[in-house]
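Chains as they are written, first to last, in the working numbering: chain A, 1 to 816; chain B, 1001 to 1298.
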């Protein structure tokens, strides 16, 4: 065992490298531990030649190592070179199994059995984790591997692949691709379906199975591994097959367990939670610091800065200002009163109720993802029907909400310290009311990502926002005659219920008496007519249902079920009735709404004999559209295939209005009754693509469009997260010659997306390296006339619809 | 300031409404048949004028009415031809190709009346009549276009069964790969039939075949018939291979059928443009010649 070092840095990604280089520069005794045989494994595993981006561009880099956007190889070479130049102590193939001891005296146990003594530890292990290992007798045999680099390496072997995800299937296909290799490839799947894999991969696998190139064993798990053979548990009992090599691809274990074992607490039980950190990145276990992706910072530049900062803090430089200080200073510049960054952060933290629990580091991080605004009296913060999913918090002053669109003089105040705009955040829908500043006001606008992160990490903030949102939703639904005191009872008794897609909330004929508000997601209302469910209506977030049974005591007249994963607020019928008794005008309004729904009911009931087939058709079409994502859509492109001649002018116009790449695939997608849902963005209420975007480049624009701005780093997360496959990764092509020079002289590839070879050739000729970025529909935002796909359709086949308009019973008559 | 904001918000809301209000309907019924009504009105109007007005010595292109009709007709022809540019130019603006197509169709049809009245029924073997004849041919091909546009899309959609063209071709090559492997254990005679089917270039066929869908006994069908009818296989293990080949040949034949139908419908939907567009260019040239010669010999 070597002498004790001042700091042991675990993990050699951008954060770890930068920390180690800084330690070397300062002459601090250190060691950098890396579990693989090369530095920076995550970037090492990027595909060859990948263009790595350096966002955010306004953040300065603070590291002894250089980093700029460029090719993977250049970046890795630079780092390797600089690490060698700066004489950084590196130990490769050194995987840490456990960390023991206390600050000043840690022992790091390596997998190899060696130990390393250190006064402090910096954990920069990222979030990739370790592959899951087999847990069967014989799992330690040498012919089991968890990775396959080159499938052509193996010949004449019996190879078993375990795992039914994309990695497993791709490995199996690779091993069986060339018959001349003579491998006998078997793939094991615990279940009967390959549900986790891409459908294209499953198709290839099924084809390979039909050809006899791969043996696919379903409902089968490994029981025991022996040299040269393998015992399987199948549905019909145990079976032994010859097996020279096992490739296990059963996912990976997130590093959380390892981190917790070292005595570090996380912010919550949530899967997405991060370790609790002090402003100097110290965890709840004194002496252990966490930086980089593991600390919640996925971008390379952040990571490198943190590596530098963590070592500076360890070195006693406690006055060091974070590298993002100038960014925050620029944000606060717009506010009145000359306060320093610290003072402003403290103002927001102490004034805004939901932020009071945050640590200074969390506050700083939250502020980086947020905006601050100052408004004068009467200034509009946002307007009814604007799209927006951010949440506002009032640090100074107050605002007035125009709850009634017909009477702008009637307003409800929201005081200093409170929040507003949360309904847009939770429901994902447009703003329900116009909000103006009532006096000179300073607000903080938390972006959707920042707000969601806050709610996930701070339970008390979550409770407060929940209560406020339920109260406001009630007030907004039932109009201007109510104030918070009226609904306080109802709010106390309310309950937020999660509903799975397809789960029934109300059963037709039941006699329960609760009333519900759709908080997020959407519902569909169905009525049973002679054994057929008939689609009655679509309820977007913000609507309420179940009031008929409450008001007139009747049985439920229709079923209500969730179109997608949703949240509803359940209000007890008695408490609601009590409110109605106290407020006669509210009862009148509710009766009015009820009459409207009755009418639809009666309409369908009365016409069922005369258009039986049409009702079925309508219901099935509605169900088809809901299955294809219309339930969570805000604006979707549909194609009436009774009119579509297949000219693809929609795709051409799309490409020509957006840098020459089409964002829609007309032909692909599902069709029912000649109604075709092409592969094109639905602009979901809660976009899946936004879930995991490292630079937060995906936003919702003023027309409700979900778009990707130019800070995209091309990581492809959004493409993987989109359930509708509407995002493509591609390089922006070079400019084409104009339409007339094509028309008259045949210059260039003509209208529409140029073919790949033209783009490639032209780009090479221009000598510019353009990175692949994520590309998706932006609904032709800001373009006069609206979406080009619809304008360019010569026959009227292409239409854009919003679900509440399209899924209305009024269409019943059209369908005949 | 505040009111400015509000009106911007409202404008946005309005434009959104307009966008969604873009009604769902075919180009033929655009805006409640607006252009049909206009076209009928124009035709009836000029027909009435033609019948009521007494032009000396007789109706012809050189009278005041003839010049009026000729100018309107020539203007219309140029404007109708501009649809080709409108369709391909995806610039911002409140236009819609559907509205243009609707106007193109109905005004184009009214051109029969306007152009013919312009001639005063004085037809002969000259460049003037050439222009008229070309115009009629262009309109006739357009009428064919309208009819296929209203009949075929439904069939195209039904035949597609949610598959894209690439998926159809991929599916065929997947079947082919399986056939190749499955046919190996077969007898020489059978294998040859399968190989003949596989080697046949299914995409090589004449225009007539493509448009009518009529073709003789294709090798796949021959192979299928050969294996299905020439032999009666017993139900033993040896015949499993033949069974498999038979199934695969059946699937191949169905897949080919789908692809061919798809190509046939697409061809029928597109072929007329290969007449309509070049004839339009010729018409524009003849029209220029017609106008020049009229003024030259004036």
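We put the beta carbon where it would ideally sit given N, CA and C, even for glycine.
Remember, it's a predicted structure, so these values are computed and weren't measured experimentally.
Item to check | 7 Å Cβ shell around residue 654 of chain A - same chain, five flanking residues per side excluded | outcome: 662, 663, 664, 788, 789
Checklist entry - Does the Cβ of residue 3 of chain A have 16 or more other Cβ atoms within 10 Å, making it buried, or fewer, making it exposed? => result exposed
Next on the checklist: Let me see if you follow: with CB-CB separation under 8 Å, is residue 1269 of chain B close to chain A or not?
Outcome noted: yes
Next on the checklist: On a Cα-Cα basis, can you pick out the residue from B:1209, B:1139, B:1221 that is closest to residue 1273 of chain B?
Outcome noted: B:1139
Item to check | Buried or exposed (CB count within 10 angstroms, at least 16 for buried), residue 324 of chain A | outcome: buried
Checklist entry - Taking the C-alpha atoms as reference points, what is the distance between residue 232 of chain A and residue 216 of chain A? => result Distance between the alpha carbons of residue 232 of chain A and residue 216 of chain A is about 13 Å.
Checklist entry - At a cut of 8 Å, does the segment 493–502 of chain A reach the segment 591–611 of chain A through at least three beta carbon pairs? => result no
Checklist entry - From A:712, A:739, A:736, A:738, pick the residue whose C-alpha is nearest to that of residue 728 of chain A; which is it? => result A:712
Item to check | CB of residue 56 of chain A within 8 Å of CB of residue 321 of chain A, strictly | outcome: Their beta carbons are not under 8 Å apart, which means residue 56 of chain A does not touch residue 321 of chain A by this criterion.
Next on the checklist: Taking 8 Å as the threshold (C-beta atoms), are residue 33 of chain A and residue 96 of chain A in contact?
Outcome noted: Taking 8 Å as the cut-off, the beta carbon of residue 96 of chain A is found closer than this to the beta carbon of residue 33 of chain A.
Item to check | Rounded C-alpha distance that separates residue 525 of chain A from residue 625 of chain A | outcome: 14 Å
Checklist entry - Any idea which residues DSSP pairs residue 179 of chain A with across the strands? => result Paired residue(s): none; residue 179 of chain A is not in a bridge.
Checklist entry - Ends of the alpha helix (DSSP H) at residue 649 of chain A? => result 649–657
Checklist entry - Who are the neighbours of residue 1095 of chain B on chain C, taking C-beta pairs under 9 Å? => result Reference to chain C is not applicable here, since the protein chains of this structure are A and B.
Next on the checklist: So if DSSP puts residue 1129 of chain B in a beta bridge, which residue, or which two residues, is it bridged to?
Outcome noted: Answer is none; residue 1129 of chain B lacks a bridge partner.
Checklist entry - Cβ atoms of residue 315 of chain A and residue 39 of chain A: under 8 Å apart, would you say? => result no
Item to check | Contact set between the segment 1030–1056 of chain B and chain A, restricted to residues whose Cβ is under 8 Å from the partner | outcome: 1030
Checklist entry - How would you label residue 473 of chain A, buried or exposed, when you count the other beta carbons within 10 angstroms and need 16 or more for buried? => result buried
Checklist entry - Within the chosen definition, does the segment 685–692 of chain A reach the segment 409–429 of chain A through at least 3 CB pairs nearer than 8 Å? => result The count of Cβ pairs closer than 8 Å, one atom from the segment 685–692 of chain A and one from the segment 409–429 of chain A, reaches three, so the stretches are in contact.
Next on the checklist: Just verifying my parser: in three-state terms, what is the DSSP assignment at residue 601 of chain A?
Outcome noted: Here residue 601 of chain A carries a helix assignment [DSSP, helix/strand/coil].
Item to check | Near-chain A residues of the segment 1160–1188 of chain B (beta-carbon distance less than 7 Å), N- to C-terminal order | outcome: 1162, 1164, 1165, 1174, 1177, 1178, 1181
Checklist entry - So, residue 108 of chain A versus residue 288 of chain A, is the Cβ gap smaller than 8 Å? => result no
Item to check | Nearest-angstrom beta carbon gap, residue 94 of chain A and residue 106 of chain A [assumed within contact, 8 Å] | outcome: Not a contact, Cβ separation roughly 15 Å.
Checklist entry - So residue 1296 of chain B is in the alpha helix (DSSP H); what residue range does that whole segment cover? => result 1273–1296
Checklist entry - In angstroms, rounded to a whole number, what distance separates the CA positions of residue 42 of chain A and residue 290 of chain A? => result 18 Å
Checklist entry - Is the shortest distance between the beta-carbon of residue 657 of chain A and the beta-carbons of chain B less than 8 Å? => result yes
Item to check | Neighbour list for residue 733 of chain A in chain B, Cβ cutoff strictly below 9 Å | outcome: Within chain B, no residue comes near residue 733 of chain A; the closest Cβ sits about 15 Å away, beyond 9 Å.
Next on the checklist: For chain A, check one thing: does any of its Cβ atoms lie closer than 8 Å to the Cβ of residue 944 of chain B?
Outcome noted: Summary: the structure shown does not reach residue 944 of chain B, with chain B confined to residues 1001 through 1298, and so no result is reported for it.
Checklist entry - Which residues in the same chain have their Cβ closer than 6 Å to the Cβ of residue 778 of chain A, if we skip the five residues on either side of it in sequence? => result 705, 707
Item to check | Buried/exposed call for residue 1296 of chain B, threshold 16 Cβ in 10 Å | outcome: exposed
Checklist entry - Shortest alpha-carbon distance to residue 92 of chain A belongs to which of A:37, A:255, A:165? => result Comparing Cα-Cα distances from residue 92 of chain A to each of A:37, A:255, A:165, the minimum goes to A:37.
Checklist entry - Is any beta-carbon of chain A found at less than 8 Å from that of residue 1107 of chain B? => result no
Next on the checklist: Tell me the rounded alpha-carbon separation between residue 9 of chain A and residue 224 of chain A.
Outcome noted: 38 Å
Checklist entry - From which residue to which residue does the beta strand (DSSP E) around residue 214 of chain A run? => result 214–217
Checklist entry - Per DSSP, what kind of secondary structure is residue 1184 of chain B in: helix, strand or coil? => result coil
Item to check | According to DSSP, residues forming a beta bridge with residue 676 of chain A | outcome: A:639, A:671
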